[in-house]
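These notes concern the structure reproduced below.
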Amino acid sequence: MTATGPSTLGVRTVGAVGPTTVAGTPAPTRRKAALLGRSPQDTAASAWNYVFLVLAIIVSAFPVYWMFVVATGTDADLARPAYEGLIPGDNFLHNVGVVLGNISEQGRSYENARFADSFVNSIIVTVIVTASLLFFCSLAGFAFAKLRFKGRDALMVVVILTLTIPNQLGIVALYIIIAKLGWQGELISVIVPGLVSAFGVFYMRQFIQDSVPDELIESARVDGASTFRVYWNIVLPIIRPALGVLGLLTAVGTWNEFQWALIALGSSDNKTIGVALSNLASGNYVKYRIVLAGSFLATVPLILLLFVAGKQIVRGIMEGAVKA
Numbered sequence: 471m472t473a474t475g476p477s478t479l480g481v482r483t484v485g486a487v488g489p490t491t492v493a494g495t496p497a498p499t500r501r502k503a504a505l506l507g508r509s510p511q512d513t514a515a516s517a518w519n520y521v522f523l524v525l526a527i528i529v530s531a532f533p534v535y536w537m538f539v540v541a542t543g544t545d546a547d548l549a550r551p552a553y554e555g556l557i558p559g560d561n562f563l564h565n566v567g568v569v570l571g572n573i574s575e576q577g578r579s580y581e582n583a584r585f586a587d588s589f590v591n592s593i594i595v596t597v598i599v600t601a602s603l604l605f606f607c608s609l610a611g612f613a614f615a616k617l618r619f620k621g622r623d624a625l626m627v628v629v630i631l632t633l634t635i636p637n638q639l640g641i642v643a644l645y646i647i648i649a650k651l652g653w654q655g656e657l658i659s660v661i662v663p664g665l666v667s668a669f670g671v672f673y674m675r676q677f678i679q680d681s682v683p684d685e686l687i688e689s690a691r692v693d694g695a696s697t698f699r700v701y702w703n704i705v706l707p708i709i710r711p712a713l714g715v716l717g718l719l720t721a722v723g724t725w726n727e728f729q730w731a732l733i734a735l736g737s738s739d740n741k742t743i744g745v746a747l748s749n750l751a752s753g754n755y756v757k758y759r760i761v762l763a764g765s766f767l768a769t770v771p772l773i774l775l776l777f778v779a780g781k782q783i784v785r786g787i788m789e790g791a792v793k794a
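Structure follows, in structure tokens:
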């Protein structure tokens, strides 16, 4: 064994060739990082991380890009060689006009798909469902995590057990209920079942239990705060990172909902975006450039949502992780 040179902490190392950091980062790497104005962790090792991240982005974004390329082309462009098929065409506005029902092609119009109206309907459903689910799930999660009442644990077990039941098994019962209420074909039949979810209650309960100190709630009660005021003024600001994550997942899931929306809304005029896309693909001869033009339009709001809220949500997750 050889013992050479002191470490950066002033402790002699055994078997080391030169000075090292606590994490074992060699000194030349540290000097290189300092010259580049980077931290010691942002060196050759993290370069591979960038390579994998770039590859992951390319693989993830390629289907969206290909969807856009097809949406900008003509029927003849679909028969081009693969390498030529990756170049966008100049027919996008025409295809969008056909999707919106403003332009007819070969005597066929897609006006019955009511794509523009479905956009508005989906926005209404998504906003109401997301806001309601965040409020009720956080309220229920607060009750299960911090309030003491008889049967609390038994009720929580029932909530968790509902997560084990596949959604498909509940569709028949749900359809009978909305039929008896006369909600078939109405947007309320899509909104009401999504106002609260068992997963949301369980997720918020776990986050509140781990992140909100009991002492903080007891201090608020000593100051005379009611239960709802404790929830509104103390709990909600602390659980904002969890609300951001749950809100994003709920908004994306509600916007993309298709199965229940198709059953509940059927052929009514109150279509959501998923049902309208299925109408674009109906018929004996499917025009894929029209279907994918509609799919691209339906994807744009989700992309904008990720660009606008993604950074805030990631920052909130990191803040929550540091506090935990």
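Going by this note's numbering, the first residue of the sequence shown is number 471, and it counts up by one from there. Beta carbons: idealized from backbone N, C-alpha and C, even for Gly. Values in this document were obtained by computation on a predicted structure and should not be read as measured data.
Around the beta carbon of TRP536, fewer than 16 other beta carbons lie within 10 angstroms, which makes this residue exposed. In the structure shown, GLY621 adopts coil according to DSSP, grouped into three states.
Look at GLU656 here: in three-state DSSP terms it is coil, with no helix or strand label.
For ALA731, the closest alpha carbon among the candidates LEU719, VAL715 and ASN749 is that of ASN749.
In this model, GLY571 and LEU633 are separated by some 41 Å (Cα to Cα).
Sequence-distant partners of ALA615 (beyond 5 residues in either direction) whose C-beta falls short of 6 Å from its own C-beta, in its chain, are ARG675, ILE678 and GLN679.
Under the three-state reduction of DSSP, ASP693 is assigned to coil, being neither helix nor strand.
For ARG710, the enclosing alpha helix (DSSP H) has its first and last residue at 710 to 726. About 4 Å separates the Cβ atoms of PHE606 and VAL666, confirming a contact at the 8 Å cut-off.
Relative to ILE760, the option among VAL534, ALA549, VAL566 and LEU556 whose CA is nearest is VAL566. Of the candidates PHE585, ASN740, PHE669 and GLN729, the residue whose Cα lies closest to the Cα of THR720 is PHE669. For GLN729, the closest alpha carbon among the candidates VAL642, VAL682, LEU548 and ILE527 is that of VAL642. Counted as a single uninterrupted DSSP element, the alpha helix (DSSP H) harbouring TYR673 occupies residues 668 to 681. Scanning its chain for C-beta atoms nearer than 7 Å, with the 5 sequence neighbours on each side dropped, one finds around LEU772 the residues VAL722 and TRP725, in chain order. In this structure LEU762 is not in contact with ALA586, their Cβ atoms being roughly 18 Å apart against a cut-off of 8 Å. Look at the beta carbons and you see the segment 734 to 750 not touching the segment 514 to 526: under three pairs across the two are nearer than 8 Å. In the three-state scheme derived from DSSP, where H, G and I count as helix and E and B as strand, ALA734 is classed as helix. LEU767 places its beta carbon less than 8 Å from that of VAL569. Judged by beta-carbon spacing, ALA690 lies within the 8 Å limit of VAL700, meaning their Cβ atoms are closer than that value. Ranking ALA695, VAL705, GLY621 and ILE687 by CA distance to the CA of SER608 puts VAL705 first. Inter-residue distance for ARG584 and ILE593 is about 15 Å (C-alpha atoms, whole angstroms). For SER737 and GLY655, the gap between their C-alpha atoms comes out near 8 Å. Only residues of its own chain outside the window of five on either side were considered, and among them VAL539 have a CB closer than 8 Å to the CB of ILE557, listed in chain order. Residues PHE677 of the same chain have their beta carbon placed closer than 6 Å to that of ALA712, with the five preceding and five following residues left out of the count. THR596 has its alpha-carbon roughly 16 Å from the corresponding atom of ALA734. Under the three-state reduction of DSSP, ARG699 is assigned to helix.
Sorting GLY621, GLY714, PRO707 and ILE647 by C-alpha distance to the C-alpha of GLY780 places GLY714 at the top. In the DSSP assignment, LYS616 falls within the unbroken alpha helix (DSSP H) covering 585 to 616. For SER748, the enclosing alpha helix (DSSP H) stretches over residues 743 to 750.
Between SER588 and the set ASP684, VAL745, ILE687 and ALA531, the nearest pair of CA atoms involves VAL745. With 16 or more neighbouring CB atoms inside 10 Å of its own CB, LEU603 falls in the buried class. Sequence-distant Cβ neighbours of TYR758 in its own chain, meaning closer than 7 Å and more than five residues away, are VAL540 and LEU548.
Following the DSSP letters along the chain, one finds ASN565 inside the alpha helix (DSSP H) bounded by residues 562 to 569. Here the alpha carbons of LEU644 and GLY559 stand approximately 45 Å from one another.
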